[in-house]
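Student: When the letters of the sequence shown are read in order and numbered with the numbering used here, they come out as residues 33 to 297.
Idealized CB from N, CA, C, for every residue including glycine.
All figures in this text were calculated on a predicted structure; none of them were measured in a lab.
The structure follows.
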Amino acid sequence: MTSRTRVYKTEGVILRRRNLGEADSVFTVFSPGAGKFEAVARGVRKARSRMRGHLEPLTRTELLIARGRSLDVFTQAETIEAYRPLREDLDRSALAIYVAELIDRFTIEHAENPGLYELLLATFDALAAGAPAHVVRFFELHLLALTGFELQVDACASCGDRLPPADTLLAPSAGGLVCVACRAAAGTGRIVPVAGIKVLRYARGCGIDQFAALRIDPDLARLLQGALTDVIQHVLEREVVSRRHLDEVARLSRASIPNPGQDVQ
Ligand SMILES: [Zn+2]
Numbered sequence: 033m034t035s036r037t038r039v040y041k042t043e044g045v046i047l048r049r050r051n052l053g054e055a056d057s058v059f060t061v062f063s064p065g066a067g068k069f070e071a072v073a074r075g076v077r078k079a080r081s082r083m084r085g086h087l088e089p090l091t092r093t094e095l096l097i098a099r100g101r102s103l104d105v106f107t108q109a110e111t112i113e114a115y116r117p118l119r120e121d122l123d124r125s126a127l128a129i130y131v132a133e134l135i136d137r138f139t140i141e142h143a144e145n146p147g148l149y150e151l152l153l154a155t156f157d158a159l160a161a162g163a164p165a166h167v168v169r170f171f172e173l174h175l176l177a178l179t180g181f182e183l184q185v186d187a188c189a190s191c192g193d194r195l196p197p198a199d200t201l202l203a204p205s206a207g208g209l210v211c212v213a214c215r216a217a218a219g220t221g222r223i224v225p226v227a228g229i230k231v232l233r234y235a236r237g238c239g240i241d242q243f244a245a246l247r248i249d250p251d252l253a254r255l256l257q258g259a260l261t262d263v264i265q266h267v268l269e270r271e272v273v274s275r276r277h278l279d280e281v282a283r284l285s286r287a288s289i290p291n292p293g294q295d296v297q
């Protein structure tokens with residue numbers, strides 16, 4: 033896809049929707065080739081809208097989009113995968129919404145990340161197939177790695193020293209596990225037992241299905257969930273200012289591209 037084409041085609045996953053005016057909605061889409069973008073569907077809230085069912089959040093959809101003056105406009109939408117099980121089960125639905133939200137928060141507009149798109153599809157596929165909730169830890173770890181915030185679990189994140197096989201502090205501000213010598217300077221975190229460290233290391237090299245098949249003790253699963261939530265919160269809080277700046281830069285540079293396809297439809 034080039035920036036100058038008037039109409040372009042892409043597949044993408046609908047991350048979220050907001051209403052615009054009386055009958056339109058703006059959808060945030062994550063796509064393999066164009067990254068995250070927004071576009072408007074005209075009249076999509078009217079009962080007779082043909083696109084309506086194809087633009088539900090969490091749906092993987094084939095899209096035809098016309099470039100507009102301010103907002104691009106969907107001209108066609110065709111469901112590839114509705115991920116129905118993600119809507120029909122409350123727990124799975126909550127997990128999928130969380131996954132979509134993290135994709136939204138960890139990406140800036142128009143920055144392609146095909147690996148992250150594959151991760152999103154693999155995570156939705158796993159959840160739709162009934163994978164246990166801990167599969168979201170796999171998603172979080174790979175999300176961090178694919179967006180430049182890889183968690184250091186091999187060696188001490190502060191000094192690089194080897195970690196002995198023992199309970200170890202996972203410190204969000206250090207970006208991973210830290211050795212005993214670095215603990216005081218690394219700030220707060222959670223102590224992860226050896227079994228948990230093994231899970232974190234295993235996640236990097238295995239496939240999502242292998243990770244889903246792991247049996248993780250419920251207490252350990254809760255601990256890992258809390259530890260990764262802390263890491264993600266830390267990254268997002270630290271990044272929020274610079275990310276706003278990046279979004280703004282991306283928006284401005286995009287606005288300056290000569291745009292022949294104005295308000296098609
Ligand atoms: Zn250290």
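1. So, for residue 44: in the same chain, excluding its five sequence neighbours on each side, which residues have a beta-carbon less than 7 Å away from its beta-carbon?
2. When every heavy atom of ligand 1 is checked, does at least one fall within less than 7 Å of the C-beta of residue 210?
3. Any heavy atom of ligand 1 closer than 7 Å to the Cβ of residue 213?
4. Taking the runs of the alpha helix (DSSP H) that are 4 residues or longer, which of them lie wholly in the region 105 to 178?
5. Starting from residue 181, follow the beta strand (DSSP E) in both directions and report where the run begins and ends.
6. By DSSP, does residue 39 sit in helix, in strand, or in coil?
7. Tell me which same chain residues have a C-beta within less than 6 Å of the C-beta of residue 76, skipping the five on either side of it?
8. Quick check: the Cα distance between residue 267 and residue 206, rounded to an integer number of angstroms?
9. Would you identify the three-state DSSP class for residue 248, choosing helix, strand or coil?
10. To which residues of the same chain is residue 232 closer than 6 Å at the C-beta, ignoring the five residues directly before and after it?
11. Smallest Cα separation from residue 90: which of 182, 261, 132 and 242?
12. Exposed or buried, residue 101, counting other C-beta atoms within 10 Å across all chains shown (16 or more means buried)?
13. Opposite residue 187 in the DSSP bridges: which residues?
14. If the criterion is Cβ atoms closer than 8 Å, does the pair residue 203 and residue 194 meet it?
Tutor: Put simply:
1. 61, 62, 63, 93 and 95
2. yes
3. yes
4. 116 to 120, 122 to 138, 146 to 160 and 167 to 178
5. Element bounds for residue 181: n/a, residue is neither H nor E.
6. strand
7. 57, 83 and 84
8. 11 Å
9. coil
10. 185
11. 132
12. exposed
13. 194
14. no
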